[in-house]
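This report concerns only the one structure given below.
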Amino acid sequence: MLLAEAKRLGITTFGMVDTNSDPNKVDFSIPANDDATKSVAIITNYIAAAIAEGLAERQASKDDDVDTDNDNDAEKRAARLQAEAEAEAARGGRGRGPAGQGGPGGPQKRRVPGGASRRPSGPGGPR
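See below:
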């Protein structure tokens, strides 16, 4: 029943076949004694080890790709910032200062004649 369902869904099938089994019903047959637990254990352990090895290789490949992508992103960002700095220098600008410091690109502070101590006096006059 499971074999028929796998065939209907298009899933590739592997199967242990003995002299009393039809090897044509599975896509990949493994000649083994399907009645002995030791034979089944040996084959399933081998398959599990192969899967674990494949997953480890896949993870290592992904880690290498992530490292390469991070390096490429950093290089692209550095090149973009360098190009922006060169373009700003070519325009004669002095660069943008941090926001709120009154430099180009930040808000300008308004100067009040008489200094910063000039405030409206409250009740009772100035002290």
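Those letters in the sequence shown? Residues 10 to 136, per my numbering, in order. Ideal Cβ placement from N, Cα and C applies to all residues, glycine included.
Check: Pull the bridge partners of D24 from the DSSP assignment, please.; Outcome: Sequence inspection shows Gly at residue 24; the Asp mentioned does not correspond to that position. According to DSSP, G24 bridges with S38.
Check: Hey, quick one: how far does the alpha helix (DSSP H) through A45 stretch, first residue to last?; Outcome: Counting along the chain, A45 falls outside any alpha helix (DSSP H), and DSSP gives it neither H nor E.
Check: With a threshold of 6 Å on Cβ separation, who are the neighbours of F23 within its own chain once the five nearest residues in sequence on each side are excluded?; Outcome: F37
Check: Quick check: K34 and L12, are their CB atoms within less than 8 Å of each other?; Outcome: yes
Check: In angstroms with no decimal places, state the Cα-to-Cα distance between K71 and A87.; Outcome: 24 Å
Check: In the structure shown, what three-state DSSP assignment does N54 receive?; Outcome: helix
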